[in-house]
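K.L.:
There are 2 protein chains.
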Amino acid sequence: MNTSDRISVDLQEGVDTMSYKEDVRMIKALADENRLRILECLHHGEKCACVILEELSITQSTLSHHMKLLCDCGLVDSRKDGRWMHYSISEEGKNRFKDMFSHYLETIDSDGGCSCDKCE
Amino acid sequence: MNTSDRISVDLQEGVDTMSYKEDVRMIKALADENRLRILECLHHGEKCACVILEELSITQSTLSHHMKLLCDCGLVDSRKDGRWMHYSISEEGKNRFKDMFSHYLETIDSDGGCSCDKCE
DNA sequence: CAGATGTATTCATACTTGTCAATATATCGA
DNA sequence: TCGATATATTGACAAGTATGAATACATCTG
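These protein sequence lines map, in sequence, to chains Z and D.
Following full-length UniProt numbering, the numbering of the first sequence begins with 1 at its first residue and continues without gaps.
Following full-length UniProt numbering, the numbering of the second sequence begins with 1 at its first residue and continues without gaps.
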């Protein structure tokens with residue numbers, strides 16, 4: 001994926017600000033210690049909420065809050081089974097994240113000179 | 001890089017909480033619309049602060065704040081040239097970021113069953 | 001149906017963070 | 001040396017967020 005691929009997503013109106021906002025929302029979903037722990041918890045497959053809760057030092061309502069953020073950004077899938085909620089990494093979400101990060105972390109070889117009209 | 005690679009980084013004491021904290025710090029460095037714009041600005045090579053400033057709708061002091069965060073987390077290198085500051089993506093930092101994200105976004109095939117002793 | 005249990009929601013609170021104005025610092029040019 | 005210019009720092013403030021207690025909701029079990 002290259003720059004123009006992503007920019008083309010942004011149509012006339014929202015000026016491309018939309019894409020940044022959504023990307024920030026995705027990134028923020030990862031920007032928390034406990035949510036990183038939760039993701040590691042899900043590395044090996046689906047887990048139910050009570051198992052995740054035992055691995056963390058937080059209350060149940062806080063876990064529910066974190067799971068909501070992870071699900072809302074598309075990185076985690078949820079499945080309700082009776083009283084229990086099962087969570088797992090979404091393959092599709094995972095790939096969307098990888099693409100996004102690749103985009104911002106890429107560098108494109110060029111002359112590398114500063115295009116500033118003042119300095120240099 | 002696999003899970004044990006990263007966990008081995010955390011020695012006895014800080015209990016591995018250190019690694020999470022550092023990872024969160026890195027992720028938060030990306031979790032802002034303007035900082036994402038700055039990174040795109042640097043895709044094609046080194047740029048001086050005044051050029052970056054022209055591309056964003058923020059004041060100079062705000063830009064300075066953002067650049068500090070990006071540099072402190074190791075993703076951006078800075079070079080002072082007289083009055084001007086030149087910024088560029090750090091290749092090494094970029095790779096550290098990629099490794100970290102790969103870690104949290106990986107999934108390891110296994111049975112996938114829930115290890116909970118209550119449900120199912 | 002009634003109590004127990006797993007999860008979600010609401011609310012209040014402490015903390016973090018993005019922003020700008022004002023100011024400080026550093027460097028250049030005359 | 002003195003003013004201009006580029007960047008950094010400080011301080012204040014509004015907005016966002018992680019947290020837990022209390023409570024609501026849903027589902028199971030007897």
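For every residue, glycine included, the Cβ atom is placed at its ideal position computed from N, Cα and C.
Computed from a predicted model, the values in this text were never measured in an experiment.
May I ask which residues mark the beginning and end of the beta strand (DSSP E) holding R83 (chain Z)?
P.N.:
Looking up residue 83 (chain Z) in the first sequence gives position 83. Premise fails: R83 (chain Z) is in no beta strand (DSSP E) and is neither H nor E.
K.L.:
Closer than 8 Å by beta-carbon distance: list the chain D residues that pair up with V24 (chain Z), in chain order.
P.N.:
What you label residue 24 (chain Z) is simply residue 24 of the first sequence in a count that begins at 1. From the beta-carbon of V24 (chain Z), the residues of chain D found nearer than 8 Å are A31, D32, E33 and L36.
K.L.:
Give me the Cβ distance between D77 (chain D) and S64 (chain D), rounded to the nearest whole Å; I'm assuming they're in contact under 8 Å.
P.N.:
Within the second sequence, residue 77 (chain D) is the residue found at index 77, counting from 1. Within the second sequence, residue 64 (chain D) is the residue found at index 64, counting from 1. That pair is no contact at about 16 Å.
K.L.:
Taking C-beta pairs closer than 7 Å, name the residues in chain D that E106 (chain Z) reaches, listed in chain order.
P.N.:
Position 106 of the first sequence holds residue 106 (chain Z). Within 7 Å Cβ-Cβ: H43.
K.L.:
Please list the partners that K68 (chain Z) has in chain D, where partner means a Cβ-to-Cβ separation under 9 Å.
P.N.:
The residue labelled residue 68 (chain Z) in the question sits at position 68 within the first sequence. Result: empty, since nearest Cβ-Cβ is about 18 Å, beyond 9 Å.
K.L.:
At 3 residues or longer, and completely inside the UniProt domain "HTH arsR-type" (15 to 108) of chain D: list those beta strand (DSSP E) runs for me, N to C.
P.N.:
76 to 81 and 84 to 89
K.L.:
Going by alpha carbons, who is nearest to M67 (chain Z) out of Z:R25, Z:K21 and Z:A29?
P.N.:
The residue labelled residue 67 (chain Z) in the question sits at position 67 within the first sequence. Check the Cα spacing between M67 (chain Z) and each of Z:R25, Z:K21 and Z:A29: the tightest is with Z:A29.
K.L.:
Name, please, each residue of chain D whose Cβ falls closer than 7 Å to the Cβ of I89 (chain Z).
P.N.:
Mapped onto the first sequence, residue 89 (chain Z) falls at position 89. Going along chain D in sequence order, the residues near I89 (chain Z) (Cβ under 7 Å) are T107.
K.L.:
Out of curiosity, what's the CA-to-CA distance linking H43 (chain Z) and E92 (chain D)?
P.N.:
Within the first sequence, numbered from 1, the residue matching residue 43 (chain Z) stands at position 43. Within the second sequence, numbered from 1, the residue matching residue 92 (chain D) stands at position 92. For H43 (chain Z) and E92 (chain D), the distance between alpha carbons rounds to 26 Å.
K.L.:
Pull up the CB-CB distance for C71 (chain D) and E55 (chain D), whole angstroms please, since I reckon it's below 8 Å.
P.N.:
Within the second sequence, numbered from 1, the residue matching residue 71 (chain D) stands at position 71. Within the second sequence, numbered from 1, the residue matching residue 55 (chain D) stands at position 55. That pair is no contact at about 18 Å.
K.L.:
Would the beta-carbon of Y20 (chain D) fall within 8 Å of that of E33 (chain Z)?
P.N.:
Position 20 of the second sequence, counted from the start, is the residue given in the question as residue 20 (chain D). Position 33 of the first sequence, counted from the start, is the residue given in the question as residue 33 (chain Z). Yes; because the gap between Cβ atoms is below 8 Å, this pair is in contact.
K.L.:
Quick one: does I58 (chain Z) have its CB under 8 Å from some CB of chain D?
P.N.:
The residue given as residue 58 (chain Z) occupies position 58 in the first sequence. Chain D contact via Cβ: absent.
K.L.:
So with Cβ pairs under 8 Å, would you call K98 (chain D) a contact of chain Z?
P.N.:
On the second sequence, position 98 is the one that residue 98 (chain D) refers to. Taking 8 Å as the threshold, the shortest C-beta distance from K98 (chain D) to chain Z falls below it.
K.L.:
So with Cβ pairs under 8 Å, would you call L63 (chain D) a contact of chain Z?
P.N.:
Mapped onto the second sequence, residue 63 (chain D) falls at position 63. Chain Z contact via Cβ: absent.
K.L.:
According to the Cβ coordinates, are L75 (chain D) and F97 (chain D) closer than 8 Å?
P.N.:
Here residue 75 (chain D) is taken as the residue at index 75 of the second sequence, counted from 1. Here residue 97 (chain D) is taken as the residue at index 97 of the second sequence, counted from 1. Yes.
K.L.:
Since I believe I27 (chain D) is in contact with I27 (chain Z) (beta carbons under 8 Å), could you give me their beta-carbon distance rounded to a whole number of angstroms?
P.N.:
Here residue 27 (chain Z) refers to the residue found at position 27 when the first sequence is read from its first residue. Here residue 27 (chain D) refers to the residue found at position 27 when the second sequence is read from its first residue. Right, their Cβ atoms sit about 6 Å apart.
K.L.:
Closer than 8 Å, CB to CB, is L53 (chain D) near chain Z or not?
P.N.:
Position 53 of the second sequence, counted from the first residue, corresponds to residue 53 (chain D). No - not a single Cβ of chain Z is within 8 Å of the one on L53 (chain D).
K.L.:
Starting from the beta carbon of K21 (chain D), find every residue of chain Z whose beta carbon is closer than 7 Å, and list them in chain order.
P.N.:
On the second sequence, position 21 is the one that residue 21 (chain D) refers to. Within chain Z, the residues near K21 (chain D) are E33.
K.L.:
Leaving out five residues on either side along the sequence, give the residues of the same chain with a beta carbon under 8 Å from the beta carbon of T59 (chain Z).
P.N.:
One-based indexing of the first sequence puts residue 59 (chain Z) at position 59. Answer for T59 (chain Z): no residue qualifies.
K.L.:
Could you check how far apart the C-beta atoms of L69 (chain Z) and D23 (chain D) are, in whole angstroms? I think they sit under 8 Å.
P.N.:
What you label residue 69 (chain Z) is simply residue 69 of the first sequence in a count that begins at 1. What you label residue 23 (chain D) is simply residue 23 of the second sequence in a count that begins at 1. Wrong, their Cβ atoms sit about 17 Å apart, outside the cutoff.
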